[in-house]
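Just below is one structure, and these are the notes that go with it.
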Amino acid sequence: MHTEQKLLWEASHKRSKSNTSALDLVKKVKDAFTGFPSFVIQVKMKYFDLYHDDRWGHPMPWFMATLQYKRPSDRSYGLFDHIPTAPFSTDPQQGSPTLVHMLLSPPPTFNQHVKLDKEKGSILAAFAAGSGIGASIAKLNKHSTLGRLIDVGQLIYSFANIFELKFSIADFWLKGTDCFIRTRLVVTSAIDGMSLCQYIASKGSEGLYALYKSEKSSSVRVSVVGVDFFNKPRPHMTAIVTEGLLIAGVNDTPVTIEVSNDPAVIPHYVGTVRMAKKVRWTVAITNFLLFVLKCVQVALDARSEYQRLNHK
């Protein structure tokens, strides 16, 4: 119905241009660059789902929304007034909007069988995530997501949260040099020259108590302040990240987040995170035992010195 008005609109627009005064240069220039109004649908998202392991269990990001036609507001010449603007409904007589289910940025292979080979470098990724060496690895790769791409000043205009996500420190991991939160969110930011993932992972594993709390508590708050799901190559969000329990350095850190649709991420995430957890606990327990041995050695040395002084 919208595109059917194109011929009538072009005729109306031509008449409008011919009636414009020769002295009204601004209107003449504007008329010259005005084209047929775009077909615009308002998408009001009611629910969206990013993960494969929730109660819905869908392997790809998806959302539910209502769809509503938006009439052109400028240079429409009244030609679109007859088009209904009520939300789309499969039962117009009832008038209740119909929730439409859509995939969010599906990959080209979304309806094909994808062979998932074992990811190369998964052992290195797990070791980097669990041991704290990932920052040096990230600095070697100019294509990594280490750069701080946004500034707090750019976010002031939208500090009212759109929505908030909570994660545990163990949800942050590295795929190569890309910083991931769980299986879908690719994060771009840096703290003290380290990628956000590596900074959080290294600080969250400093000691047995910190390691235990980092896995049991959803202490990382991601406050999303800007969303663009449709106008970029991948769904895009801007956010503020705060860790309110263990890490003082992560406080209102600005980040950009993209939603990944790579089907190979899920098995890589499962394997890497499981192995990274073992590495973190191994490193933490080893450091604790070394600390205990050092304390024992200091105590024995002090005892020997005390006995030596008493024998004199």
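Residue numbers for the sequence shown, in my numbering: 928 to 1239.
No residue lacks a Cβ here, since even glycine has one placed at the ideal position from N, Cα and C.
None of the values given here were measured: they were computed from a predicted structure.
- Around the C-beta of residue 974, fewer than 16 other C-beta atoms lie within 10 Å, and the residue is accordingly described as exposed.
- If you look at residue 1101, you'll find it in the beta strand (DSSP E) that goes 1099-1102.
- Secondary structure note for residue 1042: it is in no beta strand (DSSP E), with a DSSP letter that is neither H nor E.
- Beta bridge pairing from DSSP links residue 991 with 974 and 1028.
- Between residue 1155 and residue 1167, the C-beta gap is not smaller than 7 Å, which leaves the two residues out of contact.
- Residue 986 places its beta carbon 7 Å or farther from that of residue 1031.
- Looking at the DSSP output, residue 1232 bridges to nothing.
- Within a 10 Å sphere around the beta-carbon of residue 1164 sit 16 or more other beta-carbons, which makes this residue buried.
- One alpha carbon belongs to residue 968, the other to residue 1012, and they sit about 10 Å apart.
- In the DSSP assignment, residue 1094 falls outside any alpha helix (DSSP H) and lies within the beta strand (DSSP E) extending over 1090-1094.
- Pairing residue 1162 with residue 1186 gives a Cβ-Cβ distance under 7 Å.
- Separation of the CB atoms of residue 1127 and residue 1152 is rounded to 20 Å, and the pair is thereby denied contact status at 8 Å.
- Straight-line measurement puts the Cα of residue 949 at about 53 Å from the Cα of residue 1116.
- For residue 1107, the enclosing beta strand (DSSP E) stretches over residues 1105-1108.
- Put simply, the backbone Cα of residue 947 is about 58 Å away from that of residue 1109.
- The three-state reading of DSSP puts residue 1202 in helix, counting H, G and I together.
- Membership of residue 958 in any beta strand (DSSP E) is not indicated; the residue belongs instead to the alpha helix (DSSP H) covering 952-960.
- With contacts defined as CB atoms closer than 7 Å, residue 961 and residue 1002 qualify as a contacting pair.
- Taking a contact as a CB-CB distance under 8 Å, the pair residue 943 and residue 958 counts as one, their CB atoms being some 7 Å apart.
- DSSP lists 1093 and 1169 as the beta-bridge partner residues of residue 1148.
- Under the 8 Å Cβ criterion, the segment 1093-1106 counts as touching the segment 1187-1204, having at least three qualifying pairs.
- Only buried fits residue 1122, as 16 or more other CB atoms lie within 10 angstroms of its CB.
- Taking all protein chains shown into account, residue 1006 has 16 or more neighbouring C-beta atoms within 10 Å of its C-beta and is therefore buried.
- In the DSSP assignment, residue 1185 falls within the unbroken beta strand (DSSP E) covering 1180-1186.
- When secondary structure is reduced to three states using DSSP, residue 1010 falls in the coil class, being assigned neither helix nor strand.
- Apart from the 5 residues on each side of it in sequence, residue 954 sits with its Cβ closer than 6 Å to the Cβ of 947 in its chain, given in chain order.
- If you draw a straight line from the Cα of residue 992 to the Cα of residue 1042, it comes to about 32 Å.
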